[in-house]
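When you line the sequence shown up against the numbering used here, it's residues -13 to 167, in that order. Glycine included, C-beta positions come from ideal geometry on N, C-alpha and C.
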Amino acid sequence: LPILLKLRRQEDRLPYMRIVYSMPASKSDLLERIILQVLETNVKIFNLDNLPTEMYSSALSTYKLTKTQLRSATLDYITGFHMLDGQKHLLVLEGIAGGSIARIWEETPKTHDDFKVLYNSELKFSERLYSLLSPDIMKVKLFEPLVSLVKHPSLYVRGSVSREAYDGLICLSDLRLLIFL
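Below, the structure written as C-alpha cells:
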C-alpha cells in the first residue's frame, strides 16, 4: 500500500502528456483536421467559441493567459507548435493527461503509409514546455528543409547563429530522426 500511495503522488506531479505527428507536406488535409480539433478545444476552454471558425486561430494567437492560467495544472487546453520545412509537417502537442489531448489522440488516425505518430500514454511530464506560447498552435516555417539546415557547415561555427537557434534546430532534427527509427 505505501508503494501504491507513493506512485499515486508521483503520478499527480506528472500531469501532462505529449503527442508528436509527422507527415509529408502533401498531407496537409490530415494536419488541418488535427489543428482544427485543437482550435475547437481551446476556444471552448477560453469561452471564445461564439466566434466564426475562421477566426479561431487569430483569436487564440492574441489571447493572453493570466498568471493563474499559466500555473494551472487543471486548465485543459492544448499547446504546441507546427513546423513545416517544405518536405515535412511536424506537429507537437501537449496537454493534461487524460484530458483534451487524449480526445485528440482518440479521434486521430493511428496508421498511414506516410503518417507517423509518437505517443505513449504512460509517458507523462511535470510541466508544459509550450505554456508561454499562446493557446494557438505556433507555426514555424523553415525556408530550407530541416535536413539541409543541419548539414550546413555555418550552423556549427560558434557565433554564427544564436545558441537557442542551434539547440532548437538540433532538437527538431533529433526528433525527426526518432520518428523514422
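By Cβ distance below 8 angstroms, which residues in the same chain neighbour residue i in space, the five residues on each side in sequence not counted?
i: Thr48; result: Ser120
i: Ile156; result: Val136
Following a CB-centred definition, is residue i positioned closer than 7 angstroms to any heavy atom of the ligand ATP?
i: Cys157; result: No copy of the ligand ATP appears in this structure; indeed no ligand is present at all.
Drop a sphere of 10 angstroms on the beta-carbon of residue i, count the other beta-carbons inside from all chains shown, and report buried for 16 or more, exposed for fewer.
i: Glu150; result: exposed
i: Tyr63; result: buried
i: Val29; result: buried
i: Leu0; result: exposed
i: His68; result: buried
Closer than 7 angstroms by C-beta to residue i: which residues in its own chain qualify, once you throw out the five before and the five after it? Chain order, please.
i: Ser140; result: Ser146
Can you give the Cα-Cα distance for residue i and residue j, rounded to whole angstroms?
i: Arg4; j: Val143; result: 33 angstroms
i: Tyr152; j: Leu109; result: 27 angstroms
i: Thr94; j: Leu22; result: 12 angstroms
i: Leu37; j: Gly84; result: 27 angstroms
i: Leu70; j: Ala59; result: 30 angstroms
i: Asp15; j: Lys102; result: 15 angstroms
Confirm, please, whether the CB-CB distance from residue j to residue i is below 8 angstroms.
i: Ser159; j: Val136; result: yes
i: Thr65; j: Arg114; result: yes
i: Glu92; j: Tyr2; result: no
i: Val24; j: Ile82; result: no
Per DSSP, which one or two residues make a beta bridge with residue i?
i: Met69; result: Leu76, Val126
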